[in-house]
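Residues 1327 to 1514, numbered by this note's numbering, are exactly what the sequence shown covers, in order.
The C-beta atom is built at its ideal place from N, Cα and C for all residues, glycine as well.
The next block holds one structure in the form of structure tokens; read it before the comments.
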Amino acid sequence: MTTKEGRFECFSETDRLLIRPLNKNDYQNWLNEYENRLPSQHRHDEGKLDMSICTMEWFHNLVDKHQELGVSDSAHIFGVFRKNDGTHIGMIDFSTLARDDFHWGRIGYTIHNQYWRLGYGREAVNAALSIAFQQLNFHRIEAHINLDNTPSVKLAESVGMEFECVRKGFIYENDEWTDHLVYYKNAN
């Protein structure tokens, strides 16, 4: 959904969370939570990251790029914020795979590891799926998950996504074509 000014403005909220596009005022909060990440907890957790290139100017350009992607319907990228204190706890994105007769997208989700095991992932992904189906008009959303990423599988299943198949040699990562589990959910 875009405003008259051409800005991408979809959002959702739960009892504890607000899911919305990043804005330029989020910089310090966003940076603090990336810098406060714990060391990697498993192979698919990036853990602490080098944030030295992430200046305020870099972040403002990132917010502008997210807006452009949303307006063009290429990707829709959301920050996940705790409502009681505004803390940035993660990101969720939807990539448009096809429109026309499909209205098909892919979801990606990351909750900062210092906020794991508090139910935020399930709550945020449920709210984001509402955005996908009700505001972005997707019919089908898929999650493409590494075969050994058990936490991501559990999260997908907890929000009602169903296992469809293993796609062989599906995504090029770490210098090789890797197999992925495909989980999906269709709009009701």
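Same chain only: Cβ atoms within 7 Å of Asp1371, ignoring 5 sequence neighbours per side: Asn1439
Which residue comes first and which comes last in the beta strand (DSSP E) that contains Asp1419? His1414 to Ala1424
Just tell me which of Lys1409, Tyr1446, Ser1400 and Glu1449 has its CA closest to the CA of Leu1431. At residue 1431 the sequence reads Gly, which differs from the Leu that was named. Minimum Cα distance to Gly1431 is reached at Ser1400.
Using DSSP bridges, identify the partner residues of Trp1430. Ala1424 and Arg1466
Cutting at 8 Å between CB atoms, please list the residues of its own chain near His1506, excluding the five before and the five after it. For His1506, where only same-chain residues beyond five positions count, the Cβ hits under 8 Å are His1470, Ile1471, Asn1472, Leu1473, Val1492, Arg1493, Phe1496 and Ile1497.
Rounded to the nearest angstrom, what separates Leu1455 and Thr1381 at their Cα positions? Straight-line Cα distance between these residues: approximately 31 Å.
With H, G and I counted as helix, E and B as strand and the rest as coil, what does DSSP make of Thr1476? helix
Anyone know if the C-beta pair for Ala1450 and Ile1418 falls short of 8 Å? Their beta carbons are under 8 Å apart, which means Ala1450 touches Ile1418 by this criterion.
Reducing DSSP to helix, strand and coil, say where Leu1481 ends up. Helix.
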